[in-house]
Every structure is written in structure tokens, then in C-alpha cells.
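The numbers in my numbering rise by one with no breaks, and the one at position 2 of the sequence shown is 343.
The beta-carbon is built from N, C-alpha and C at its ideal position, and this holds for glycine as well.
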Amino acid sequence: MPNVYARRIGVLASAAALAALTSLLNAPTAQAAPPAPMSASAARAYLATVTPKTEGSTSGYSRDLFPHWSTVSGSCNTRETVLKRDGVNVVQDSSCAAVSGSWYSEYDGATWTAASDLDIDHVVPLAEAWRSGANSWTTSKRQQFANDLTRPQLIAVTDNVNQAKGDLDPGKWLPSRTSYRCTYARMWVNVKQYYGLSMDSGEKTALVSVLNGC
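Shown next as C-alpha cells:
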């Protein structure tokens, strides 16, 4: 009788192991995340060198001055490329539009299964960049900024969260998901540092506060 029990336990254990392996193999495969930002220590070091400047005017600004959603490959533009990158099991049709998949919004912790529920956020908003020095850039440089897939400047997030953020800097807006604020601050500093964009006093103070807690 003990041998029967032992065999039954062995069969059950093998079945459980097989089920776990099957579950692992069938689990959704996450796509790549946005490019990793600079470290918190590097961001703090850079901020220590920044002299705050009064933010410039939005006068003359237009989104059209930042040509966005450029073609990346074939029929896929920047928006569609980010949706594919930031999602799980994303299926695209012949025109590259995402027709199914799952997306986790880092800003608020929501999960979506329809691409229409997502916006592609410019971490450093276009209008913010304009007020911070991009008003003097060439159209080519503004286009690079608006479609930058190399820096941590673009991320798929809940649409109304992106709309609530608008063109606000970290002194006025931070993700409601507090565990992501350190990453967000690192992304922001990384982009501003790379493009040589200025920071105002409130913006720098907020970033220092977040990064000191990382």
C-alpha cells in the first residue's frame, strides 16, 4: 500500500511540474521596455551642475513644429513602434496598427487591451522642450526629439493620464504610481541632459527631491 501511495504522489508531482512548465511556456512574452535611463546617481550628479533658469514663453509654439510619428520601418510609424515595444503579445495588421495585445501603464498601474486606450507620452513634453530651448532648434532636431526611440523619451501610457499631465514638468506633475517616480525622474533628467534643455527652479527642486529617495 505505501508503494501505491508513493507512485500516486510521484505521478501528481510530475503532473504538477508539467503543468507549471506548460504555463511558463504559454505565458505572454513581454516586449522591450523604453530604453533604460541614466542611473539615479548620474542624474543627481548632473542636477548638481544645473543652474536653474526662468522658463521661456510658449509664444510661437505649435506641435506641427515638431514633426512627430515619423515612419520607422515599412508602414510602421513611431507611435506604432512604441505600442509594439511596450506591449505584450501585440498583433499588428497589414498597416501596422495594433489590433490586439496587452499594455501596462507605468504611470498609473492600469492594464489595457485596446490600443485606443493608450497615448504615447513624450516624457519631456514638446511644449516644455520649446520653453526650455527647443524654440531655437532646427526642424530636423525637433523631429528627432519628437520621435526619439534611443533615449527614454517615449512610453505608452493610459490616455487620460497623459492628457492630465499635458505639458507639465515634475514640479507640477508626477506619476500617481509612486514606485515609478524614481524611474520617471531619471528618464526626464536623461532626456534634458542629452538635448541640453534648461530647467526652472521648481522643476529642479522636484527632481532632486525624488532622486534623493531613490
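Three-state secondary structure (DSSP) of C417:
In the sequence shown, residue 417 corresponds to position 76, counting from 1. Strand.
With the cut-off set at 8 Å, would you say W410 and R420 are in Cβ contact?
Locating residue 410 in the sequence shown gives position 69, where the first residue counts as 1. Locating residue 420 in the sequence shown gives position 79, where the first residue counts as 1. The criterion of a C-beta distance shorter than 8 Å is satisfied by W410 and R420.
Check whether the region 398-414 and the region 545-555 are in contact - that is, three or more C-beta pairs closer than 8 Å.
For the pair of segments examined, the region 398-414 was found not to touch the region 545-555: the number of CB pairs separated by less than 8 Å stays below three.
Counting only the same chain and skipping the five closest in sequence on each side, list residues whose C-beta sits under 6 Å from that of P385.
The count along the sequence shown starts at 1 and reaches residue 385 at position 44. Before going on, a small fix: residue 385 reads as Arg here, not Pro. Apart from sequence neighbours up to five positions away, the residues of its chain that approach R385 with a beta-carbon distance below 6 Å are L552, ordered along the chain.
Check the DSSP bridge columns for Y445 and list the partner residues they point to.
As a position in the sequence shown, residue 445 is number 104, starting the count at 1. According to DSSP, Y445 bridges with T452.
Enclosing alpha helix (DSSP H) for D462 [first to last residue]:
Position 121 of the sequence shown, counted from the first residue, corresponds to residue 462. That residue, D462, is in no alpha helix (DSSP H); its beta strand (DSSP E) goes L459 to H463.
Same chain, Cβ closer than 6 Å to P375, five either side skipped, listed in chain order:
The residue labelled residue 375 in the question sits at position 34 within the sequence shown. If you ignore the 5 residues before and after P375, its C-beta comes within less than 6 Å of the C-beta of P493 and I496, all in its own chain and listed in chain order.
How would you label V432, buried or exposed, when you count the other beta carbons within 10 angstroms and need 16 or more for buried?
Taking the first residue of the sequence shown as 1, we reach residue 432 at position 91. Residue environment analysis places V432 among the exposed positions, since fewer than 16 neighbouring C-beta atoms fall within 10 angstroms of its C-beta.
Ends of the alpha helix (DSSP H) at Q484?
Counting from one through the sequence shown, the residue named residue 484 turns up at place 143. First-last of the alpha helix (DSSP H) with Q484: T480 to A487.
Can you list, in chain order, the residues of its chain with a C-beta nearer than 8 Å to that of T524? Leave out the 5 residues immediately preceding and following it.
By one-based count along the sequence shown, residue 524 stands at place 183. Cβ neighbours of T524 beyond the five flanking positions: P378 and E447.
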